[in-house]
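When we follow my numbering, the leftmost residue of the sequence shown carries the number 57, and every step to the right adds one.
All residues carry an ideal CB built from backbone N, CA and C; glycine is no exception.
Given the structure is predicted, the values throughout are model-derived calculations rather than measurements.
Working notes, beginning with the structure itself.
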Amino acid sequence: MTWLVIGGIFVLLLVVLGVAVFSPILALKTIRIEGASAVKATAVRSALDDQLGTPLALLDTGRIDRDLSRFALIRSYVIEIVPPSTLVVRIVERRAIAVMADGSTFDQVDPAGVVLKTSPTRAGLPIIDIGSAKAGSPAFGAAVKVLLALPSSVAGRVQTVSASTLDNVSLTLTGDNHTVIWGSADDSDQKAATLARLLQVGTCKSKPVINVTAPLNGACGPRQVTPTSTPTPTTTPTPPPGG
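This is the structure in structure tokens:
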């Protein structure tokens with residue numbers, strides 16, 4: 057009797073497992089997309105609908121990853137299986153943080169340097185100017201680190217962020233047309249707090265240059281004029297007589 061009971065329980069477990077894995081009762085019937093805004097939820101759902109009818113336990117997560125990787129606007133996602141027949145995909149979208157000039161147009165890029173779209177204007181986003189360097193370069197990373205550190209009250213005023221080297225980042229702000237000498241991207245959080253404070257100081261509002269390279273000693277002042285060097289006169293030797 058003991059062996060019969062054990063055998064019966066084992067068979068019952070196999071039946072339950074078979075129903076859970078292969079039964080159409082627990083097959084995928086509904087795909088729900090959450091968090092989609094810039095990317096179309098219908099397009100994401102369409103990319104995954106080849107798994108409709110697949111038992112939930114046999115869903116191919118590798119294929120889901122490949123299908124979703126085709127969407128440049130998707131930064132990350134989480135899937136949740138909700139029995140008896142639903143797959144929930146929660147999407148985190150990429151957000152443009154700045155633009156980079158490309159001829160007469162502007163590429164909107166996220167913090168990772170992924171181009172999300174191209175627009176005829178900067179679309180209210182700051183311009184990253186890193187010369188001939190590309191998105192994803194150290195100079196780009198320094199510019200992004202500075203932008204991410206700025207409070208919203210300042211970030212909305214940034215017109216350009218330039219980074220000729222890792223230690224030479226500067227900003228231009230709209231409004232009072234300030235130039236901000238930032239220096240390196242190190243201590244960007246502290247520099248951002250110093251910048252926000254100096255922008256509220258009456259004496260700095262009229263000064264065109266703000267320097268936060270030393271965040272504990274932020275300063276503001278006039279724009280420096282680069283002196284023009286005077287060329288050194290040269291003389292042409294006079295040839296000797298008869299020469």
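Can residue i and residue j be called in contact, C-beta distance under 8 Å?
{"i": "T110", "j": "A83", "result": "yes"}
{"i": "D123", "j": "A103", "result": "yes"}
{"i": "F196", "j": "R178", "result": "no"}
{"i": "V217", "j": "L229", "result": "no"}
{"i": "A152", "j": "V165", "result": "yes"}
{"i": "P207", "j": "A248", "result": "yes"}
{"i": "Q246", "j": "P264", "result": "no"}
{"i": "I89", "j": "P140", "result": "no"}
Just the C-alpha distance for residue i and residue j, rounded to the nearest angstrom, thanks.
{"i": "F127", "j": "S93", "result": "13 Å"}
{"i": "T291", "j": "P278", "result": "Because T291 carries a pLDDT of 45, less than 50, the predicted location of this residue cannot be relied on, and no value is offered for it."}
{"i": "T284", "j": "V148", "result": "In this predicted model, T284 has a pLDDT of only 43, less than 50, meaning its place in the structure is not dependable; the value taken from the coordinates is given anyway. For T284 and V148, the distance between alpha carbons rounds to 53 Å."}
{"i": "Q215", "j": "V202", "result": "13 Å"}
{"i": "I183", "j": "K261", "result": "23 Å"}
{"i": "S209", "j": "G258", "result": "17 Å"}
{"i": "A157", "j": "A275", "result": "31 Å"}
{"i": "V225", "j": "S193", "result": "14 Å"}
{"i": "T269", "j": "K85", "result": "58 Å"}
{"i": "L143", "j": "A97", "result": "14 Å"}
{"i": "W238", "j": "D232", "result": "17 Å"}
{"i": "R101", "j": "I87", "result": "6 Å"}
{"i": "T288", "j": "H234", "result": "Since pLDDT at T288 reaches only 48, below the 50 mark, its modelled position is unreliable, and the value read off the structure follows with that caveat. The alpha-carbon atoms of T288 and H234 are separated by roughly 36 Å."}
{"i": "S132", "j": "L181", "result": "23 Å"}
{"i": "R253", "j": "G159", "result": "37 Å"}
{"i": "L255", "j": "P176", "result": "31 Å"}
{"i": "R119", "j": "S188", "result": "38 Å"}
{"i": "R213", "j": "K173", "result": "22 Å"}
{"i": "D106", "j": "G91", "result": "21 Å"}
{"i": "V170", "j": "V95", "result": "15 Å"}
{"i": "N273", "j": "S125", "result": "46 Å"}
Take the Cβ of residue i as the centre, count every other Cβ of all protein chains shown within 10 Å, and call the residue buried at 16 or more, exposed below.
{"i": "K190", "result": "exposed"}
{"i": "T282", "result": "Unreliable placement is indicated for T282, whose pLDDT of 44 sits below 50; no coordinate value is reported for it."}
{"i": "N267", "result": "buried"}
{"i": "G299", "result": "Low confidence applies here, because G299 scores a pLDDT of 49, under 50, leaving its location unreliable and the question unanswered by this model."}
{"i": "T58", "result": "exposed"}
{"i": "T294", "result": "Residue confidence is low: T294 scores 47 on pLDDT, short of 50, so the model does not pin down where it sits. No coordinate-derived value is stated."}
{"i": "A154", "result": "buried"}
{"i": "A219", "result": "buried"}
{"i": "A205", "result": "buried"}
{"i": "I186", "result": "buried"}
{"i": "S244", "result": "buried"}
{"i": "I65", "result": "exposed"}
Residue i lies in the beta strand (DSSP E); which residues open and close that run?
{"i": "Q215", "result": "V214 to A219"}
{"i": "G317", "result": "Any question about residue 317 goes unanswered here, given that the chain covers just 57 to 299."}
{"i": "A275", "result": "A275 to G277"}
{"i": "S226", "result": "V225 to L229"}
{"i": "L222", "result": "Run containing L222: none; DSSP gives neither H nor E here."}
{"i": "G239", "result": "T235 to G239"}
{"i": "T86", "result": "T86 to E90"}
How many whole angstroms separate the CB atoms of residue i and residue j, which I take to be in contact at a CB cut-off of 8 Å?
{"i": "L129", "j": "R150", "result": "5 Å"}
{"i": "V236", "j": "L251", "result": "6 Å"}
{"i": "I241", "j": "A198", "result": "Checking the displayed sequence, the identity of residue 241 turns out to be Ala instead of Ile. With a Cβ gap of about 4 Å, A241 and A198 count as contacting."}
{"i": "L114", "j": "I137", "result": "The Cβ separation is near 11 Å, so there is no contact."}
For the alpha helix (DSSP H) that contains residue i, what are its first and last residues?
{"i": "R253", "result": "S244 to L254"}
{"i": "D105", "result": "Neither: D105 is in no alpha helix (DSSP H) and is coded neither H nor E."}
{"i": "L124", "result": "T117 to L124"}
{"i": "S209", "result": "S208 to A211"}
{"i": "L203", "result": "P194 to A205"}
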